[in-house]
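A short worksheet on the structure shown next.
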Amino acid sequence: MIEVVEFEQQRRRLFGIAYRMLGEASEAEDVVQDAYLRWRSRPAAVGTPAAWLTTVVTNLCINRLTSARARRERYVGPWLPEPVATGNDPAELMERRDTVSLGFLVLLEKLTPPERAVFVLREAFDYTHRESAEVLGVDEANARQLYHRALARLGEARRRFDVRPADGTKLVERFIAATVEGDVAGLEAILTEDAAIWADGGGKAIAAREPIFGRSNAAHYLAGLASSPRAPAAHLSVADINNATAILVHESGDLTAVLIPEIHDGSITTIRAILNPDKLTYLRTQLQPLA
1 MIEVVEFEQQ RRRLFGIAYR MLGEASEAED VVQDAYLRWR SRPAAVGTPA
51 AWLTTVVTNL CINRLTSARA RRERYVGPWL PEPVATGNDP AELMERRDTV
101 SLGFLVLLEK LTPPERAVFV LREAFDYTHR ESAEVLGVDE ANARQLYHRA
151 LARLGEARRR FDVRPADGTK LVERFIAATV EGDVAGLEAI LTEDAAIWAD
201 GGGKAIAARE PIFGRSNAAH YLAGLASSPR APAAHLSVAD INNATAILVH
251 ESGDLTAVLI PEIHDGSITT IRAILNPDKL TYLRTQLQPL A
């Protein structure tokens with residue numbers, strides 16, 4: 001029983017690490033469960049359970065990322081991370097909430113698995129280079145090199161996700177109103193000139209298989225959704241998803257899409273839409289108690 005309690009005390013933090021590493025909530029849950037089984041069957045007592053479990057989870061994620069890369073290269077259309085609710089429980093994903101933004105997780109796809117591990121541990125969980133080195137089983141100099149290589153790969157783009165816009169909710173409400181009304185001019189007024197739409201249907205839901213670039217193209221595409229045969233049955237609401245004000249689309253009571261706008265300087269720069277039903281499973285379970 002004590003062993004179970006010790007593990008449960010670490011579960012949220014472990015999920016937070018695994019989700020940031022993998023960008024997939026369902027896979028992160030599997031990793032945490034695998035870590036639990038290893039915890040129960042370990043041959044000897046562990047002096048520091050948190051460190052031991054972090055090492056297990058991180059290395060399980062590194063192994064999974066290697067095979068995930070191949071799957072994502074064969075993915076139908078753009079691949080986006082699985083969305084998770086972040087507004088119900090401030091401790092849900094632990095530590096720096098900006099590091100679970102969809103844009104940030106997409107950015108992490110540029111990194112190799114070891115680079116991603118070191119970057120996540122340091123940026124989201126304040127691990128030192130020495131602590132990261134112990135988790136990965138490398139020397140401190142190597143861990144430091146991995147971190148700086150990650151910084152170089154990500155460049156200035158990572159700074160975009162440091163602050164959550166205070167006007168996010170009002171802007172998203174304007175976006176919803178303009179989309180529902182098919183108001184092209186209204187949409188163009190809140191989109192940046194280089195706005196982009198990325199839709200993840202995974203071949204299992206109707207979605208644009210190529211990104212849509214440019215203010216005019218994006219506005220006309222969004223306005224066109226209002227005339228879709230499915231539009232009258234769709235119910236739109238807002239929720240805190242991946243540390244952003246997002247739009248939930250329900251049809252006949254079922255969650256069918258999540259749209260997460262990325263906002264900078266009072267305008268929407270990117271809209272990421274997750275429609276693949278498999279990627280909405282975890283979020284459905286999170287939202288179920290609220291239904």
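Each residue of the sequence shown is one higher than the last, beginning at 1 in full-length UniProt numbering.
Ideal Cβ positions, reconstructed from N, Cα and C, are used throughout, including at glycine.
Using DSSP with H/G/I as helix, E/B as strand and the rest coil, what is residue i?
| i | result |
| --- | --- |
| Arg-144 | helix |
| Arg-74 | coil |
| Asp-265 | coil |
| Ala-150 | helix |
| Glu-8 | helix |
| Pro-90 | A caution first: Pro-90 carries a pLDDT of 47, below 50, which makes its placement in the model too unreliable to give a value. |
| Leu-14 | helix |
| Val-249 | strand |
| Thr-285 | helix |
| Asp-278 | helix |
| Ala-291 | Since pLDDT at Ala-291 reaches only 44, below the 50 mark, its modelled position is unreliable, and the value read off the structure follows with that caveat. The answer is coil: DSSP assigns Ala-291 none of H, G, I, E or B. |
| Val-84 | coil |
So residue i packs on residue j, CB below 8 Å; how close in whole Å?
| i | j | result |
| --- | --- | --- |
| Leu-136 | Ala-157 | In fact, because the Cβ distance is near 24 Å, the residues do not count as touching under 8 Å. |
| Thr-269 | Thr-169 | 17 Å between Cβ atoms; not a contact. |
| Gln-10 | Leu-53 | 5 Å |
| Ala-141 | Thr-179 | Between Thr-179 and Ala-141 the Cβ distance is about 51 Å, and since that is not below 8 Å, they are no contact. |
Is the separation between the beta-carbon of residue i and that of residue j shorter than 7 Å?
| i | j | result |
| --- | --- | --- |
| Glu-181 | Arg-215 | no |
| Ile-212 | Ala-218 | yes |
| Leu-248 | Leu-280 | no |
| Val-57 | Leu-14 | yes |
| Ile-241 | Pro-83 | yes |
| Pro-78 | Leu-105 | no |
| Ile-260 | Leu-102 | yes |
| Glu-115 | Arg-149 | yes |
| Tyr-147 | Arg-122 | yes |
| Glu-251 | Ala-234 | yes |
| Asn-243 | Asp-98 | yes |
| Ala-143 | Ala-133 | yes |
| Leu-154 | Leu-107 | yes |
| Gln-286 | Ala-85 | yes |
| Val-138 | Met-21 | no |
Measuring CA to CA, which of the options is closest to residue i?
| i | options | result |
| --- | --- | --- |
| Leu-222 | Glu-210, Leu-154, Gly-253, Ile-197 | Ile-197 |
| Ala-70 | Thr-112, Arg-12, Arg-149, Ile-206 | Thr-112 |
| Ile-206 | Arg-40, Pro-83, Ala-273 | Ala-273 |
| Tyr-19 | Glu-262, Glu-8, Val-31 | Val-31 |
| Val-5 | Glu-24, Ala-50, Gly-16 | Ala-50 |
| Gly-224 | Leu-60, Val-120, Asp-183 | Asp-183 |
| Ala-25 | Gly-202, Glu-173, Ala-199, Val-100 | Val-100 |
| Leu-171 | Pro-277, Gln-286, Glu-134, Val-238 | Val-238 |
| Thr-66 | Val-120, Phe-175, Glu-109, Ala-199 | Glu-109 |
| Leu-27 | Tyr-282, Ala-152, Leu-287, Gln-288 | A quick correction: the sequence has Glu, not Leu, at residue 27. When each option's Cα is compared against that of Glu-27, the closest is Tyr-282. |
| Ala-199 | Tyr-36, Ala-185, Ile-271 | Ile-271 |
| Gly-266 | Ala-141, Pro-229, Pro-165 | Pro-165 |
| Glu-3 | Ser-41, Val-120, Arg-74 | Ser-41 |
| Gly-201 | Ala-257, Glu-173, Val-46 | Ala-257 |
| Gly-203 | Arg-12, Arg-284, Glu-29, Asp-278 | Asp-278 |
| Asp-126 | Leu-236, Ile-17, Ala-185, Gly-47 | Ile-17 |
| Ala-35 | Thr-55, Asp-167, Thr-48 | Thr-55 |
| Ala-231 | Trp-39, Ala-208, Ile-176, Ala-152 | Ile-176 |
| Pro-7 | Thr-48, Pro-43, Gly-23 | Position check: residue 7 holds Phe in this sequence, whereas Pro was assumed. Answer by Cα proximity: Thr-48. |
| Arg-174 | Leu-236, Gln-145, Thr-128 | Leu-236 |
Would you verify that the beta carbon of residue i is, or is not, closer than 7 Å to some beta carbon of chain C?
| i | result |
| --- | --- |
| Val-46 | The structure shown contains no chain C, having only a single protein chain. |
**Request:** At 4 residues or longer, and completely inside the segment 102–141: list those alpha helix (DSSP H) runs for me, N to C.
**Result:** Entirely contained in the segment 102–141, the alpha helix (DSSP H) runs reaching 4 residues are, in chain order, 102–108, 113–125, 129–136.
**Message:** Please give the ranges of any beta strand (DSSP E) in the segment 159–242, keeping only runs that are unbroken, at least 3 residues long and fully inside the region.
**Reply:** Scanning the segment 159–242 for uninterrupted beta strand (DSSP E) segments of 3 residues or longer gives 191–200, 234–241, listed from N- to C-terminal end.
**Ordered list of beta strand (DSSP E) runs contained in the UniProt domain "RNA polymerase sigma-70 region 2" (7–69), each at least 3 residues** = If one requires a minimum length of 3 residues, no beta strand (DSSP E) run lies completely within the UniProt domain "RNA polymerase sigma-70 region 2" (7–69).
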